[in-house]
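If you use our numbering, the sequence shown corresponds to residues 151 to 307, in order.
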Amino acid sequence: MRRDYPDSPLRARAGFWGGRAYFDLKDDAHGCTLIQDALDGARDDVEFKNQVAFYAPRCAGLAAANTAPADTARSTTATPAGGATYAVQVLAVKSAPQVDDLLSRLKVMGFDARVVRDTSGLFKVRVGRYATREEAQRAQRRLKTRLGGQPFVVEEP
């Protein structure tokens with residue numbers, strides 16, 4: 151629709167539904183692009199703006215990953231080819247608003263956070279992609295100090 155009817159008044163709504171579909175497919179990059187287009191095209195429809203704004207915080211974590219602070223970026227670039235990487239899991243819940251809130255908090259703190267959804271429907275908030283377990287454990291200690299809770303290191307393929 152975006153290509154065939156670029157001036158359509160339904161473009162924003164199509165972007166909203168397309169963005170939601172990409173989120174369901176765990177393709178946040180494309181989903182965020184469409185959600186941003188929907189926000190831009192919402193105009194004066196307050197209810198539609200509210201619907202789109204509900205999904206916009208998911209993109210904050212993606213933006214944080216693209217503009218990671220120097221210490222986080224350094225640790226994520228040293229990934230061994232074909233080897234496992236490590237991350238720190240901070241939260242696992244079924245509530246999307248809880249996830250969005252934590253992603254925003256982690257972004258403000260300067261952490262590279264993302265969401266992994268498992269087959270049982272849990273949203274798992276993870277921080278970083280570290281080449282070694284030691285790097286991940288250092289990040290775990292920083293997270294525990296700054297955020298509290300019980301963050302733990304996980305190995306990712």
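Beta carbons: idealized from backbone N, C-alpha and C, even for Gly. Nothing here was measured: the structure is a model prediction, and the numbers come from that model.
Anticipated Cβ contact below 8 Å, residue i with residue j, distance rounded
i: Asp250; j: Pro301; result: About 18 Å separates the two Cβ atoms, so there is no contact after all.
i: Leu293; j: Val238; result: 6 Å
Alpha-carbon spacing of residue i relative to residue j, whole angstroms
i: Met259; j: Gly278; result: 13 Å
i: Val303; j: Ala289; result: 9 Å
i: Thr183; j: Arg276; result: 22 Å
i: His180; j: Asp190; result: 16 Å
i: Leu175; j: Leu252; result: 21 Å
i: Ala281; j: Thr295; result: 22 Å
i: Gly168; j: Phe261; result: 28 Å
i: Asn200; j: Asp268; result: 27 Å
i: Asp187; j: Arg291; result: 38 Å
i: Asp195; j: Gln248; result: 26 Å
i: Ala246; j: Arg170; result: 13 Å
Cβ pair residue i, residue j closer than 9 Å
i: Lys274; j: Ala234; result: no
i: Arg163; j: Phe198; result: yes
i: Tyr155; j: Ile185; result: no
i: Val202; j: Phe166; result: yes
Neighbourhood of residue i by C-beta distance below 8 Å, restricted to the same chain and skipping five residues each side
i: Lys244; result: Gly271, Leu272 and Phe273
i: Val240; result: Leu252, Leu256, Ala263, Val275, Arg276, Val277, Leu293, Leu297, Gly299 and Pro301
i: Ala192; result: Ala162, Phe198, Lys199 and Val202
Residues of its chain near residue i, where Cβ-Cβ distance is below 7 Å and the 5 sequence neighbours each way are ignored
i: Val308; result: Here the chain has residues from 151 to 307 only, and residue 308 is not among them.
i: Ala210; result: Leu253, Ser254 and Lys257
i: Arg283; result: Tyr236 and Val303
Spatial neighbours of residue i in its chain, beta-carbon cut-off 6 Å, leaving aside the 5 residues before and after
i: Glu306; result: Thr235 and Ala237
Enumerated in chain order, which unbroken segments of the alpha helix (DSSP H) with a length of 4 residues or greater are wholly contained in the region 274-298?
283-297
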